[in-house]
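Every number in my numbering is 380 more than the matching position in the sequence shown, counting from 1.
C-beta atoms are modelled at their ideal positions from N, C-alpha and C, and glycine is treated no differently.
See structure below.
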Amino acid sequence: SYGFLGSLMKFIEKGVELKLTHILKYQTILYNHEIDDIIGDMIHYIESKKVKATRILTITKGLNFETGKQRLVMDFCIEMNQPTIGSHKFSYLPVYELTNCVVSKYKGHPQNASMATKEVNDYIKKHELEPISPVHQVLKIDKKTKKKEQKNNEIDLEVYIQIN
Numbered sequence: 381s382y383g384f385l386g387s388l389m390k391f392i393e394k395g396v397e398l399k400l401t402h403i404l405k406y407q408t409i410l411y412n413h414e415i416d417d418i419i420g421d422m423i424h425y426i427e428s429k430k431v432k433a434t435r436i437l438t439i440t441k442g443l444n445f446e447t448g449k450q451r452l453v454m455d456f457c458i459e460m461n462q463p464t465i466g467s468h469k470f471s472y473l474p475v476y477e478l479t480n481c482v483v484s485k486y487k488g489h490p491q492n493a494s495m496a497t498k499e500v501n502d503y504i505k506k507h508e509l510e511p512i513s514p515v516h517q518v519l520k521i522d523k524k525t526k527k528k529e530q531k532n533n534e535i536d537l538e539v540y541i542q543i544n
């Protein structure tokens, strides 16, 4: 079943599989403003190994308030075009897979990207489905369209939540 909302080009599908191969993974607890730096460090590491990043997966597992300030508990996974080795900081996974997901696809301005997550959550609630995974956000890195997308400030995002 597909849902369509205005010019946002958002779609909902059910029963979808998420599969990434050749993953560099990093688990951490961080402040929101640190996300871009971590992704930057990971991409720098990948490029130093002469490998290309193809998709970025962020998994928000929860919130941590130990310091009195809200921090995110997150996994960062970057899919690469070929295997490489991990380091003391990053681990390597050959495959990362989720089955039976509800997915929302979004292409547009980053400012509205959170609507894709809201759409998945609303769909799950409306259809009384049981989520069994945290939110998985997959951002595509496409070198061919990168220049055009940066000019238009567009992102290509998919949001997955595994259901029972």
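**OP:** Count the other CB atoms, across all protein chains shown, that sit within 10 Å of the CB of Glu508; report buried if there are 16 or more and exposed otherwise.
**Re:** exposed
**OP:** Pull up the CB-CB distance for Val482 and Ile543, whole angstroms please, since I reckon it's below 8 Å.
**Re:** 6 Å
Subject >> N- and C-terminal bounds of the alpha helix (DSSP H) containing Lys506 >> reply: Ser494 to Lys506
**OP:** Please state if the CB of Ile392 and the CB of Met422 are separated by a distance shorter than 7 Å.
**Re:** no
Subject >> Nearest to Leu519 (by Cα), restricted to the options Lys430, Met454, Ile439 and Asp536 >> reply: Asp536
Subject >> Minimum C-alpha distance to Val431 - residue among Asn461, Asp455, Ile403 and Thr408 >> reply: Asn461
Original post:
Can the beta-carbon of Lys441 be found closer than 7 Å to that of Val453?
Top reply: yes
Original post:
Whose C-alpha, out of Thr479, Thr438, Ile426 and Asn533, is nearest the C-alpha of Thr497?
Top reply: Thr438
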